Ligand code: NAP
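Residue numbers (our numbering): 9 to 416.
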């Protein structure tokens, strides 16, 4: 048992003790080594930022391969209970098989804690090898809805009894014919779930003085799901944040830019969005998207800075968060001291910011910037820069030393 106290929710706000208990899930593949590296750097940053007054009490929770080996269950009840109790997790990547096998543990955790927003900041770090000519223009934050849409996993195999029942129901009642050899999935998108992610994105944009929020959708084709998402988002901005936003139409009428103090709100159809962020990255800032669109656009945006290995993400709800790297388990590098822990560190930065420990987050961010500028990096970045790589452990040692030498 870690010596610490639980983070609580008091009158809708987080109450964070100086020694908060945060769960640590090592994950599969490269997970254990990048988690150890990230934890060492985060601990050093917290210790330096608060002169030893604050400290995270890490508590191990088992999931994935290790849990299966030790407890015969990839997501044991004890881990589910710990999640419900402590609600904040730094998580290494977990294996999910394609097309068959067990359901994504990541999705299960998001559902368990109702972590409805997946937040992924994508900002260029000087020194990375980007495919764009002017990568310094990239500074976007994707807010992706996490609990609705096709990821609810309501689907049936083409030859199942359930698919047959549904085919008959649709045919008999709604005159809808579905091919006998078609699998069937259902795409629910609700007003309440859309409104809460929109609210969170708008609050973020206001608090962080962002320039614009772009609603991404495929509403021209899927009118009552994706099209409704667009409408509901605009409605929340108008109803709950009057005075903060200006629509593109209103801005155009004033001469095409948002006036001082107003945040531009616009929307783009999903396919257009992909070419827009590549050809005009400077025009996009906060991107608000449904689950599937958000999944695609966050990886595409990540690729613009050159390497999804350096991106972190946060899954956040009204109370709780799972913070993780964007990349997966990279099994071919497992146990070889080669993998880059930067994605998980970026997730750690988001976690520290979320609990209000922004000084520690800043130390981590600065140290990563120093490492990249000095080309003290792991193989994935070093091979592009033509420099000698550091191992995972040596890279984290470098960051710890850099943090110790920084003044908070
Ligand atoms: P992946 O694990 O992200 O690896 C793909 C490639 O990305 C690697 O071969 C490597 O590229 C590079 N890479 C990723 N992370 C790296 C790191 N930290 N350091 C250095 N290089 C890194 O993607 P995948 O192979 O598609 O997925 C493997 C498993 O991870 C699957 O079971 C998938 O479901 C799971 N996954 C889990 C999560 C999660 O837990 N949130 C997220 C995504 C995927 P090179 O080969 O070019 O060196």
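Built from N, CA and C at the ideal position, the CB exists for glycine as well.
The structure presented is a predicted model; accordingly, all values stated were derived computationally and were not measured.
Coarse secondary structure for residue i, derived from DSSP in three states
i           : result
residue 66  : strand
residue 13  : strand
residue 392 : helix
residue 323 : strand
residue 8   : Summary: the structure shown does not reach residue 8, with the chain confined to residues 9 through 416, and so no result is reported for it.
residue 52  : helix
residue 352 : helix
residue 125 : strand
residue 397 : coil
residue 262 : coil
residue 283 : helix
residue 81  : coil
residue 42  : helix
residue 176 : helix
residue 405 : helix
residue 112 : coil
residue 386 : coil
residue 59  : coil
residue 75  : helix
residue 244 : helix
residue 345 : coil
residue 410 : helix
residue 159 : helix
residue 380 : helix
residue 90  : helix
residue 360 : helix
Local Cβ density within 10 Å of residue i, reported as buried at 16 or more and exposed below that
i           : result
residue 41  : buried
residue 168 : exposed
residue 86  : exposed
residue 418 : It is not possible to answer for residue 418, since the shown part of the chain is limited to 9 through 416.
residue 384 : buried
residue 234 : buried
residue 34  : buried
residue 289 : buried
residue 319 : buried
residue 185 : exposed
residue 262 : exposed
residue 211 : exposed
residue 39  : buried
residue 199 : exposed
residue 182 : exposed
residue 301 : buried
residue 201 : buried
residue 73  : buried
residue 298 : buried
residue 55  : buried
residue 4   : Residue numbering for the chain in the displayed model covers 9 to 416; residue 4 lies beyond these limits and cannot be assessed.
residue 141 : exposed
residue 93  : exposed
residue 68  : exposed
residue 180 : exposed
residue 257 : exposed
residue 32  : buried
residue 323 : buried
residue 375 : buried
residue 23  : exposed
Counterpart residues of residue i in DSSP-defined beta bridges
i           : result
residue 368 : Looking at the DSSP assignment, residue 368 forms no beta bridge with any residue, so it has no partner.
residue 138 : In DSSP, residue 138 forms no bridge with anything.
residue 275 : 223
residue 192 : 164
residue 296 : 151 and 223
residue 249 : Partner(s): none; residue 249 has no beta bridge.
residue 332 : 99 and 321
residue 131 : 147
residue 30  : 66
residue 426 : Absent from the structure is residue 426, since the part of the chain shown begins at 9 and ends at 416.
residue 255 : 273
CB contact below 9 Å: residue i versus chain C
i          : result
residue 81 : Any reference to chain C falls outside this structure, which holds one protein chain only.
Would the segment 133 to 144 count as touching the segment 355 to 369 if we require 3 or more Cβ pairs under 8 Å? Verdict: no, contact absent.
Below 8 Å, how does it come out for the segment 337 to 356 and the segment 204 to 221: are there three or more Cβ pairs, yes or no? No contact exists between the segment 337 to 356 and the segment 204 to 221.
Cβ pair count under 8 Å reaching 3, the segment 327 to 334 against the segment 88 to 100: Contact between the segment 327 to 334 and the segment 88 to 100 is present: three or more C-beta pairs spanning the two stretches fall below 8 Å.
Do the segment 241 to 250 and the segment 153 to 162 touch if we need at least three Cβ pairs shorter than 8 Å? In this structure the segment 241 to 250 does not touch the segment 153 to 162; the number of beta carbon pairs closer than 8 Å is below three.
Below 8 Å, can you find three or more Cβ-Cβ pairs linking the segment 170 to 180 to the segment 311 to 326? At 8 Å Cβ cutoff, the stretches do not touch.
Whether or not the segment 43 to 54 and the segment 403 to 414 are in contact is what I'm after, with contact meaning three or more pairs of Cβ atoms, one per stretch, closer than 8 Å; do they touch? The segment 403 to 414 is in contact with the segment 43 to 54.
Under 8 Å: do the segment 76 to 85 and the segment 110 to 128 share three or more Cβ pairs, one atom per stretch? Yes: the two stretches touch, three or more of their Cβ pairs being nearer than 8 Å.
Is the segment 123 to 130 touching the segment 141 to 155 in the sense that three or more CB pairs, one from each, lie closer than 8 Å? Short answer: they touch.
Between the segment 267 to 283 and the segment 294 to 308, do three or more beta carbon pairs fall short of 8 Å? Yes, the segment 267 to 283 is in contact with the segment 294 to 308.
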